[in-house]
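J.: My questions all concern the structure below.
2 protein chains.
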Amino acid sequence: MPTIAFFDSGFGGLTVLRALLPLMPSARFLYLGDTARLPYGAKSRQTVARYAVSSAEFLLAQGADMLVVACNTASALALDELKAALPIPVVGVIEPGVQAAWKLSPLPTSLVPASVLVLATAATVQSRAYATAFTALGITAYEKACPLLVPLVEEGWVDHPVTAEVLRIYLAEALAEAPTVRTLVLGCTHYPLLAPVIARTLAELGHPLEIVDSAAATAQAAAKLLPATSATLQTPPTFYATDSIEKFQRLGSAFLGQPLPEVHLIDLGG
Amino acid sequence: MPTIAFFDSGFGGLTVLRALLPLMPSARFLYLGDTARLPYGAKSRQTVARYAVSSAEFLLAQGADMLVVACNTASALALDELKAALPIPVVGVIEPGVQAAWKLSPLPTSLVPASVLVLATAATVQSRAYATAFTALGITAYEKACPLLVPLVEEGWVDHPVTAEVLRIYLAEALAEAPTVRTLVLGCTHYPLLAPVIARTLAELGHPLEIVDSAAATAQAAAKLLPATSATLQTPPTFYATDSIEKFQRLGSAFLGQPLPEVHLIDLGG
């Protein structure tokens, strides 16, 4: 029975765990949210790598056989350091989303070049991680920073007129820059909760797009790396956080799609 | 020429500096935003006190004669520790706002008890700092957590229909709980930028309130502690931040009401 460990700066990565649970029903799952040191977005590459490696070492000591870096910032800034530091497979959230978008994207024509639209946090856009990965495949990535979406999701306003209006503004601005895109990548682990309202808003704007959920794509990439197991009774995941247990538990259930059991408070220092 | 030092986890405290500049035209001003370790809101009292004291010691070493804790979380969680650690006067943002609201509030009657409404971040509400200070004066404080307001201000949507709609929702919810209040305290250093749209929204709701800007109240309290000086040519403030210099400079000018000069990057460890 493999032990699959998840790491995020907060609880957004629970959307990746949620997508993996039905794919690996007999695995053991660990999830660590480094809530004491979030957000990683404003921190330097060196600091994020140090935080990520210390979090990963804790999970390794708990018996992890694989690490899913369920955090865009840590995937963008620390994936190489994590792969170098750990003796187990490490999967980030960026490459699987990029691969899924690449497979979905129509072949470029002389009229419509290969391009995608990526919605992400300001920190992820600033990291250029999606742009770099798509450029390597010959695809132009239009990146739109959407700083209000995480706070709106954390306020619980997932199906709310204000969120629809904010999305209408962000998407209209992005589509004005990228009128020929056919594919939209949700480049933040909070955004899968907004997938229905994003689809509805795109339809209202008369510009429907294929939506790539990078959380789901990451879960599929992780499942492929481990041997298939027969479905058995599932062990409930074990949750760790470095601070703000109450908020983790309260908001986390919306991300996981089921109530969270006890969240264990741990201290990683610093 | 006194040196007045400001400390905040970010740049919100620039609204307090902005209010003090015309009151102390000949002082020397230092401002430190501990941007590498923000937000303080999700952190424990012990951690916030450690961060605040290390920031204050840096400012003391630069020659500070007074410290203004221009941050609600640090004022709520670390004011006593700062006063104990420093040999100079220390002013927080909570007590001056509470005193100003107390002076403005109508005397209670048998029909209308003494009460105020406080808008603040979730962390400040959770700290109970305003509720405790108002209770000591015999005033009931209704506190409303408004987690979307800081992100909206930082997005630059100060005069924007979405912000007006969010305020309409927050204020209607708060006034339903506190129908007899006559005074509103802006319990976050980001909120003075929203004062005009808050006043407009209250008028539209048919419930105008006296608005207490705790940034302005704090500036007045700080000015009273220092000897009056004659107006002379002002030295530009010196700005320090522990990370995210670019964002500090870009957004800070809206808070300060004038362009920011160079921001110095410093390392406080941690």
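Note that the protein sequences, when read in sequence, are chains A and B.
Take 788 as the starting number for the first sequence in my numbering and just add one per residue.
Take 788 as the starting number for the second sequence in my numbering and just add one per residue.
Even glycine gets a Cβ: it sits at the ideal position worked out from N, Cα and C.
All of these numbers come straight from a predicted model, not from anything done at the bench.
Indicate the three-state DSSP secondary structure (helix, strand or coil) for Ala851/A in the structure shown.
T.: Three-state DSSP puts Ala851/A in coil, outside helix and strand.
J.: Mark Asp1030/B as exposed unless 16 or more other C-beta atoms lie within 10 angstroms of its C-beta, in which case mark it buried.
T.: Result: buried.
J.: Starting from Glu942/B, find everything on chain A with Cβ-Cβ shorter than 7 Å and list it in chain order.
T.: Within chain A, the residues near Glu942/B are Pro934, Leu935.
J.: Which same chain residues end up closer than 7 Å to Thr1022/A when comparing Cβ atoms and leaving out the 5 residues on each side of it in sequence?
T.: Excluding sequence neighbours, Thr1022/A sits near Arg815.
J.: Give a yes or no on whether 8 Å exceeds the smallest Cβ distance from Pro1023/A to chain B.
T.: Answer no: the Cβ-Cβ gap between Pro1023/A and chain B never drops below 8 Å.
J.: Output the residue ranges of the beta strand (DSSP E) runs that lie fully inside the stretch 840-927 of chain B and measure 3 residues or longer, sorted by chain position.
T.: Listed in chain order, they are 853-856, 877-879, 902-907.
J.: Excluding the 5 residues flanking Phe793/A on each side, which residues of the same chain have their C-beta closer than 6 Å to its C-beta?
T.: Contacts found: Gly800, Leu804, Tyr818, Val855, Ala857.
J.: Are the stretch 923-935 of chain A and the stretch 881-897 of chain A touching, with three or more C-beta to C-beta distances below 8 Å?
T.: Yes: at least three Cβ pairs fall under 8 Å.
J.: With C-beta atoms as the reference, is Val835/B less than 8 Å away from Leu864/B?
T.: Yes, Cβ-Cβ distance for Val835/B and Leu864/B is below 8 Å.
J.: Please check the pair Gly884/A and Gly828/A, which I expect to be a contact at CB under 8 Å, by giving their CB distance rounded to whole angstroms.
T.: Actually they are not in contact, since the Cβ atoms of Gly884/A and Gly828/A sit about 18 Å apart, beyond 8 Å.
J.: Let's test the definition: count the other Cβ atoms within 10 Å of the Cβ of His977/A and tell me whether it reaches 16, buried, or not, exposed.
T.: When all chains shown are included, His977/A counts as buried.
J.: Can you name the start and end residues of the alpha helix (DSSP H) that Glu997/B belongs to?
T.: Segment 997-1000 is the beta strand (DSSP E) holding Glu997/B; no alpha helix (DSSP H) there.
J.: Any idea if Ala765/A is buried or exposed, counting beta-carbon neighbours within 10 angstroms, 16 or more meaning buried?
T.: No answer is possible for residue 765/A: it lies beyond the span of chain A, which begins at 788 and ends at 1057.
J.: Kindly confirm or deny that the stretch 929-943 of chain A and the stretch 1002-1018 of chain A touch, where touching means at least three C-beta pairs closer than 8 Å.
T.: No, the stretch 929-943 of chain A is not in contact with the stretch 1002-1018 of chain A.
J.: Considering only residues of the same chain and omitting the five flanking positions on each side of Leu825/A, which have a CB-CB separation below 8 Å?
T.: Counting only Cβ-Cβ distances below 8 Å, and skipping sequence neighbours, we find Ser796, Gly797.
J.: By alpha-carbon positions, which one of Lys830/A, Ala806/A, Asp852/A, Val984/A ends up nearest to Ile1032/B?
T.: Checking every option, the nearest Cα to that of Ile1032/B belongs to Lys830/A.
J.: Go to Ile791/B, then tell me how far its beta strand (DSSP E) extends in each direction, as first and last residue.
T.: Note, Ile791/B: beta strand (DSSP E), 790-795.
J.: Asp1030/B versus chain A: which residues are under 9 Å apart at the beta carbon?
T.: Simply Ala829, Lys830, Ser831, Thr834.
J.: Check Ala932/B in the structure and name its three-state DSSP category.
T.: Looking at Ala932/B - three-state DSSP - the assignment turns out to be strand.
J.: Classify Phe816/A as helix, strand or coil using the three-state DSSP reduction.
T.: Phe816/A falls in the strand class under three-state DSSP.
J.: For chain B, check one thing: does any of its Cβ atoms lie closer than 8 Å to the Cβ of Leu1047/A?
T.: No, because no Cβ of chain B sits closer than 8 Å to the Cβ of Leu1047/A.
J.: Would you call the CB atoms of Glu991/A and Leu971/A closer than 8 Å?
T.: No. Outside cutoff.
J.: Go ahead and pull the three-state DSSP assignment for Thr822/B.
T.: Three-state result, Thr822/B: coil.
J.: Which residues does DSSP pair with Ala1028/B in a beta bridge?
T.: For Ala1028/B, which the question treats as bridged, DSSP gives the partners Gly820/B, Leu1052/B.
J.: Find the residues of chain A that neighbour Ala823/B, judging by a C-beta separation of less than 7 Å, and give them in chain order.
T.: Simply Lys830.
J.: What span of residues does the beta strand (DSSP E) with Leu971/B cover, start to end?
T.: Note, Leu971/B: beta strand (DSSP E), 970-973.
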